[in-house]
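Asks: Following full-length UniProt numbering, the numbering of the sequence shown begins with 1 at its first residue and continues without gaps.
Using N, Cα and C, we set each Cβ at its ideal position, and we do this for glycine too.
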Amino acid sequence: MENQYILAIETSCDETAAAVIKDGTTIISNVVASQIESHKRFGGVVPEIASRHHVEQVTIVIEEALAQAQLQPSELTAVAITEGPGLVGALLIGINAAKAFAWAHQLPIVGVHHIAGHIYANALVQPMEFPLLALVVSGGHTELVYMKEHGHFELIGETRDDAAGEAYDKVARVLNLPYPGGPHIDRLAHEADEAVAFPRVWLEEDSYDFSFSGLKSAVINYKHNMDQRGEEIIAAHVAKGFQDSVVEVLTTKAVRAARAYNVKQVIAAGGVAANKGLRTALEQAFKQEGIPFYVPPLKLCTDNAAMIGAAGAKMYEAGVRGNMMMNGRPGMEL
Ligand code: KG4
Ligand code: ZN
1 MENQYILAIE
11 TSCDETAAAV
21 IKDGTTIISN
31 VVASQIESHK
41 RFGGVVPEIA
51 SRHHVEQVTI
61 VIEEALAQAQ
71 LQPSELTAVA
81 ITEGPGLVGA
91 LLIGINAAKA
101 FAWAHQLPIV
111 GVHHIAGHIY
121 ANALVQPMEF
131 PLLALVVSGG
141 HTELVYMKEH
151 GHFELIGETR
161 DDAAGEAYDK
171 VARVLNLPYP
181 GGPHIDRLAH
191 EADEAVAFPR
201 VWLEEDSYDF
211 SFSGLKSAVI
221 NYKHNMDQRG
231 EEIIAAHVAK
241 GFQDSVVEVL
251 TTKAVRAARA
261 YNVKQVIAAG
271 GVAANKGLRT
281 ALEQAFKQEG
291 IPFYVPPLKL
301 CTDNAAMIGA
311 AGAKMYEAGV
321 RGNMMMNGRP
331 GMEL
């Protein structure tokens, strides 16, 4: 087979990213322009600002990805683009850039689901083996996904309120930590020798769903009560208490699902999969279960275009094609 080169573009949230992936598994280039500095002072992603940055950056990152790959557009096989879910204005900028590029160079275009991308980040590290369970934990998602084969996604559990990363970011605000708060809470939790006791939310006994808003409220109430008593909270102890609760619930439900679905492989994906506490807990739990567990390197956990290229390559092989009518799909289902 001739070499397959996919140019991938990702603009669903606050990273403008482009990458070139060879044969669905090898990263040739992976460029990410982060906007974090611009959103920091607002304590979260401001959609309007995100769109403006994407407009400024998208052509630059595409050119950079191609330059690093030392490829001409004519050598590409297809263009993969995140179609949804995400911020509609942000998605549209990437989609229009992808359409223009594909049209100008007469290339096929493939629309990719952002979460499929996060899951396929693992294909860039080692072969995916089926049946597989993916724990997807990011700023917008907390999902347990069962995969029987490539391209087949069965949602077996999801959050009923806040996503895990969202809870991290909100609790970080309570603790006056900068945005995005996940890495700061992770660091503080590791420094702590004590933890504040916060609840674990299990929901119904057989449910694979999650709920983190109660935990977030418990942290807010704790701070409020301490303030009223004129006592200082110890941020590290709060961070550890919060993280212990999130990690225990995520790990326990992932293990239960992996057993019930008799999977051959478990993978973690999404920004929160960068969490050291979570990675360690999952590694230990699945070692005990005797089920291979993988999580991609940090750079491939948070938003990037390489993962979109990996998923797009598989979809391209399966015959999936988009067209010039493609639109941003903010609520796209897996
Ligand atoms: O996947 P991602 O880059 O973007 C979305 O698709 O949402 O995930 C971003 C989320 C943020 O909420 C951020 O706080 C969280 O991932 N995050 C972490 C860590 N690194 C990033 N959460 C906990 N621990 C970390 N080390
Ligand atoms: Zn993401």
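Hey, GLY312 and ALA8 are a contact pair by Cβ (cut 8 Å); roughly how many whole angstroms apart?
Replies: Contact flag correct, Cβ pair sits at about 6 Å.
Asks: Taking 6 Å as the cut-off, is the beta-carbon of TYR168 closer than that to any non-hydrogen atom of the ligand KG4?
Replies: Within the cutoff, so yes.
Asks: Run the CB neighbour count on ALA268, radius 10 Å, all protein chains shown included, and call it buried at 16 or more, exposed below.
Replies: Buried, because 16 or more other Cβ atoms sit within 10 Å of the Cβ of ALA268.
Asks: Helix or strand or just coil, what does DSSP make of ALA17?
Replies: DSSP places ALA17 in strand when its eight states are reduced to three.
Asks: SER138: beta carbon under 6 Å from a heavy atom of the ligand ZN?
Replies: Yes, the Cβ of SER138 comes within 6 Å of a heavy atom of the ligand ZN.
Asks: Looking only at DSSP bridge pairs, what is GLN265 linked to?
Replies: Paired residues: LEU132.
Asks: May I ask you to verify whether the stretch 184 to 202 touches the stretch 55 to 62, counting CB pairs closer than 8 Å and requiring at least 3?
Replies: Not touching, per the Cβ criterion.
Asks: When you measure from the CB of PRO183 to every non-hydrogen atom of the ligand KG4, does any distance come out below 6 Å?
Replies: Within the cutoff, so yes.
Asks: Taking the alpha carbon of THR16 as the reference point, which residue from ALA254, GLU56, ASP23 and GLY44 has its own alpha carbon closest?
Replies: The shortest C-alpha separation from THR16 is found at GLU56.
Asks: If we ignore side chains and look at the alpha-carbon of each, how far apart do ARG173 and ALA274 end up?
Replies: The straight-line gap from Cα to Cα measures roughly 19 Å.
Asks: Which word fits GLN126, buried or exposed, when buried means at least 16 other C-beta atoms lie within 10 angstroms of its C-beta?
Replies: GLN126 comes out exposed.
Asks: Spell out a yes or no on whether the stretch 122 to 136 and the stretch 39 to 49 are touching, meaning 3 or more CB-CB pairs, one atom from each, closer than 8 Å.
Replies: In short, these stretches do not touch, since the Cβ pair count stays below three.
Asks: Would you give the residue range spanned by the alpha helix (DSSP H) that LEU91 belongs to?
Replies: Start and end: 88 to 104.
Asks: State the DSSP-derived secondary structure class of LEU298, mapped to helix, strand or coil.
Replies: In the structure shown, LEU298 sits in a helix (DSSP, three-state: H, G or I).
Asks: Can you list, in chain order, the residues of its chain with a C-beta nearer than 6 Å to that of MET315? Leave out the 5 residues immediately preceding and following it.
Replies: Result list for MET315: VAL110, in chain order.
Asks: Measuring alpha carbon to alpha carbon, tell me which of ALA305, GLU232, GLU191 and PRO330 ends up nearest ALA80.
Replies: Per the Cα distances, ALA305.
Asks: Evaluate contact between the stretch 98 to 109 and the stretch 20 to 28, counting only Cβ atoms and requiring at least three cross-stretch pairs below 8 Å.
Replies: Touching, no.
Asks: Specify the secondary structure class of MET324 as computed by DSSP and reduced to three states.
Replies: Of the three classes helix, strand and coil, the one that applies to MET324 here is coil, per DSSP.
Asks: Regarding ASP14 and the ligand ZN, is the C-beta to nearest heavy atom distance less than 6 Å?
Replies: For the ligand ZN, not one heavy atom lies less than 6 Å from the Cβ of ASP14.
Asks: Pop quiz: ALA257 and ILE156 are said to be a contact at Cβ under 8 Å. What is the actual Cβ separation, rounded to whole angstroms?
Replies: Yes, they are in contact, since the Cβ atoms of ALA257 and ILE156 sit about 6 Å apart, within 8 Å.
Asks: At a cut-off of 6 Å, is ASP303 close to the ligand KG4 when judged by its beta-carbon and the heavy atoms of the ligand?
Replies: Within the cutoff, so yes.
Asks: Does the beta carbon of ASN275 fall short of 6 Å from some heavy atom of the ligand KG4?
Replies: Yes; taking the cut-off as 6 Å, the Cβ of ASN275 has a heavy atom of the ligand KG4 nearer than that.
Asks: Can you tell me the Cα-Cα spacing of PHE242 and TYR179, whole angstroms?
Replies: Each residue's Cα considered, the two are about 17 Å apart.
Asks: Looking only at its chain, what residues have a beta carbon closer than 8 Å to the beta carbon of ALA218, apart from the 5 residues adjacent to it on each side?
Replies: Same-chain partners within the cutoff: PHE198 and PRO199.
Asks: Curious, which full-length beta strand (DSSP E) runs of at least 3 residues does the stretch 42 to 89 contain?
Replies: List check, beta strand (DSSP E) in window: 78 to 84.
Asks: Enumerated in chain order, which unbroken segments of the beta strand (DSSP E) with a length of 3 residues or greater are wholly contained in the stretch 223 to 295?
Replies: You should have 265 to 269.
Asks: Need the endpoints of the alpha helix (DSSP H) that HIS39 sits in, please.
Replies: That run of the alpha helix (DSSP H) goes 36 to 40.
Asks: Answer yes if the stretch 208 to 228 comes into contact with the stretch 150 to 165, meaning at least three C-beta pairs across the two stretches below 8 Å, and no otherwise.
Replies: The answer is yes - the stretch 208 to 228 touches the stretch 150 to 165, with three or more Cβ pairs under 8 Å.
Asks: Could you compute how far the alpha carbon of LYS170 sits from the alpha carbon of ALA19?
Replies: Their Cα atoms are separated by approximately 31 Å.
Asks: Is it buried or exposed for MET325, if we count other Cβ within 10 angstroms and need 16 for buried?
Replies: Classification of MET325: exposed, given that the 10 Å Cβ count is below 16.
Asks: Can you tell me whether DSSP reads LEU175 as helix, strand or coil?
Replies: The answer is coil: DSSP assigns LEU175 none of H, G, I, E or B.
Asks: Alpha carbon to alpha carbon, how far is PHE42 from MET226? Give it in angstroms, no decimals.
Replies: If you take the alpha carbons of MET226 and PHE42, they lie about 26 Å apart.
Asks: Residue range of the beta strand (DSSP E) that TYR208 falls in?
Replies: Run containing TYR208: none; DSSP gives neither H nor E here.
Asks: So is the beta-carbon of PRO296 under 6 Å away from any non-hydrogen atom of the ligand KG4?
Replies: Outside the cutoff, so no.
Asks: According to DSSP, is LYS148 part of a helix, a strand, or is it coil?
Replies: Residue state, collapsed to three classes: coil.
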